[in-house]
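Student:
In full-length UniProt numbering, the protein residues as written are 1 to 147.
(1) Nearest CA to the CA of residue 106: which residue from 9, 17, 75, 27?
(2) List the endpoints of the continuous alpha helix (DSSP H) containing residue 51.
(3) Runs of 3 residues minimum, wholly inside the region 38-102: which ones carry the beta strand (DSSP E) assignment?
(4) Count the other CB atoms within 10 Å of the CB of residue 39; is the residue buried (16 or more) or exposed (fewer)?
(5) Strictly by DSSP, which residues pair up with residue 136?
(6) Going by DSSP in three states, residue 149 sits in which element: helix, strand or coil?
(7) Taking the Cβ atom as the reference point for each residue, do residue 8 and residue 48 lie within a distance shorter than 9 Å?
(8) Quick one: Cα of residue 44 to Cα of residue 64, how far?
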């Protein structure tokens, strides 16, 4: 366990729980095609899953990424079930993810945030570093944070 009900997914069952949350949020709720949701990084990324009384309610992942010649932590697939929003799970996921990534000696975080979540990431110290763009037909912005 990392903290506050958020775990690093250390086996297939926990990773499946994370995938269940992602499917509910991105595929079912937001209409992202499954072919875009699942990618070649599923096996190599570090996955996180948040549990509320044993029920998976949130998920996220990170992976090593090369940006401008530097090794950065690429944060991806941050999702909280609609029924659990407003209960601080997004912050708990991000703090746990950043804590683990810090142990792996990343000094910069990078992500593509849906524009509807920009304020959430700004409250966590992320700054917009690029123009708005479409990803999976959803408006996004590039954001970064240094430790």
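Ideal placement from N, C-alpha and C gives every residue a C-beta, glycine not left out.
Here the structure is a predicted model, which is why all the values come from computation and not from measurement.
Tutor: Taking the definition as stated:
(1) To locate residue 106, count along the chain shown from 1; it is residue 106. The shortest C-alpha separation from residue 106 is found at 75.
(2) Indexing the chain shown from 1 puts residue 51 at position 51. For residue 51, there is no enclosing alpha helix (DSSP H); the enclosing beta strand (DSSP E) has its first and last residue at 46-52.
(3) DSSP runs (the beta strand (DSSP E)) wholly in the region 38-102: 46-52, 55-67, 70-80.
(4) The residue labelled residue 39 in the question sits at position 39 within the chain shown. Its Cβ having fewer than 16 others within 10 Å, residue 39 is exposed.
(5) By 1-based counting over the chain shown, the position of residue 136 is 136. For residue 136, which the question treats as bridged, DSSP gives no partner whatsoever.
(6) Here the chain comprises residues numbered 1 to 147, so residue 149 is not present and cannot be evaluated.
(7) Against the chain shown, residue 8 aligns to sequence position 8. Against the chain shown, residue 48 aligns to sequence position 48. Yes.
(8) For the purposes of this step, residue 44 is taken as the residue at position 44 of the chain shown. For the purposes of this step, residue 64 is taken as the residue at position 64 of the chain shown. Answer to the nearest angstrom: the Cα atoms are 9 Å apart.
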